[in-house]
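Undergrad:
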Amino acid sequence: METWDAIRARRNVRQYDDRPLARADLERILEAGRRAPSSTNWQPWHFVVVTDREQLRELAGVWRGAGHVALSAATIALVGARPQDELHASWLQYDFGQATAYLMLAAADLGIGSGHASVGDQAEARRVLGLPEGHFCPYLVALGYPADRPLRPIVHPDRRSFDDVVHWDRW
């Protein structure tokens, strides 16, 4: 898929078929996340890839909106050290957002669906993922082939109109 097609085809996928993901595809998705832009090239992320079905079920319990994680072929947990101050906390959120977007676009490019989720129960996430002291997991990206229909560019996305969003030179 071309970049523009991947952008137009990406959608939140929360139901996956039973096919596993190839290791090479997972590594390509992870490489995209690793290459994401980062404030002052800080790169605060670590990625924990979960493919074990029981572990995915447990991981789905870290947030009420993460049920799709249990059904995914793989889920990437984004992990970082707890920031020391407000400046680094804001950088971390922005950087993790960039990495999340890169992971999801790379997946779409391969025809792999993705669905993101926050993590509310940090103690449970630490237990399931075996995180070291001082680290936390703000986001999850579930991956798998869509159960309902393959990814393809969406002609009429459910988005505000271009003219409602875009302002030229001034509001």
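Every number in my numbering is 5 more than the matching position in the sequence shown, counting from 1. Beta carbons are placed, not taken as given, at the ideal position from N, Cα and C, and that holds for glycine.
#1: Apply the 10 Å Cβ neighbour rule to Asp163 and answer buried if 16 or more other Cβ atoms are within range, or exposed otherwise.
#2: CB-CB under 7 Å to Thr105, same chain, minus the five flanking residues each way: which ones, in chain order?
#3: Helix, strand or coil: which one does DSSP assign to Thr80?
#4: Apart from the five residues on each side of it in sequence, which residues of its chain come closer than 8 Å, Cβ to Cβ, to Arg131?
#5: Can Ile34 and Ala152 be called in contact, C-beta distance under 7 Å?
#6: DSSP three-state label for Ala177, please.
#7: Given that a residue counts as buried once 16 or more other Cβ atoms are within 10 Å of its Cβ, and exposed if not, what is Phe101?
#8: With distances taken Cα to Cα, identify the nearest neighbour of Ala14 among Leu115, Arg28 and Arg40.
#9: Within the stretch 6 to 70, note down every full beta strand (DSSP E) run reaching 3 residues or more, in order along the chain.
TA: On the basis of the coordinates in this document:
#1: Position 158 of the sequence shown, counting from 1, holds the residue named residue 163. Its Cβ having fewer than 16 others within 10 Å, Asp163 is exposed.
#2: The residue you call residue 105 lines up with position 100 of the sequence shown. Answer for Thr105: Leu83, His121, Tyr144 and Val146, listed in chain order.
#3: Start at 1 with the first residue of the sequence shown, and residue 80 comes out as number 75. Strand.
#4: Indexing the sequence shown from 1 puts residue 131 at position 126. So the list reads His140, Phe141 and Cys142, once near-sequence residues are dropped.
#5: The residue labelled residue 34 in the question sits at position 29 within the sequence shown. The residue labelled residue 152 in the question sits at position 147 within the sequence shown. No, the Cβ-Cβ distance between Ile34 and Ala152 is not below 7 Å.
#6: Residue numbering for the chain in the displayed model covers 6 to 176; residue 177 lies beyond these limits and cannot be assessed.
#7: Taking the sequence shown and counting its residues from 1, one reaches residue 101 at position 96. Result: buried.
#8: Indexing the sequence shown from 1 puts residue 14 at position 9. Checking every option, the nearest Cα to that of Ala14 belongs to Leu115.
#9: 51 to 55
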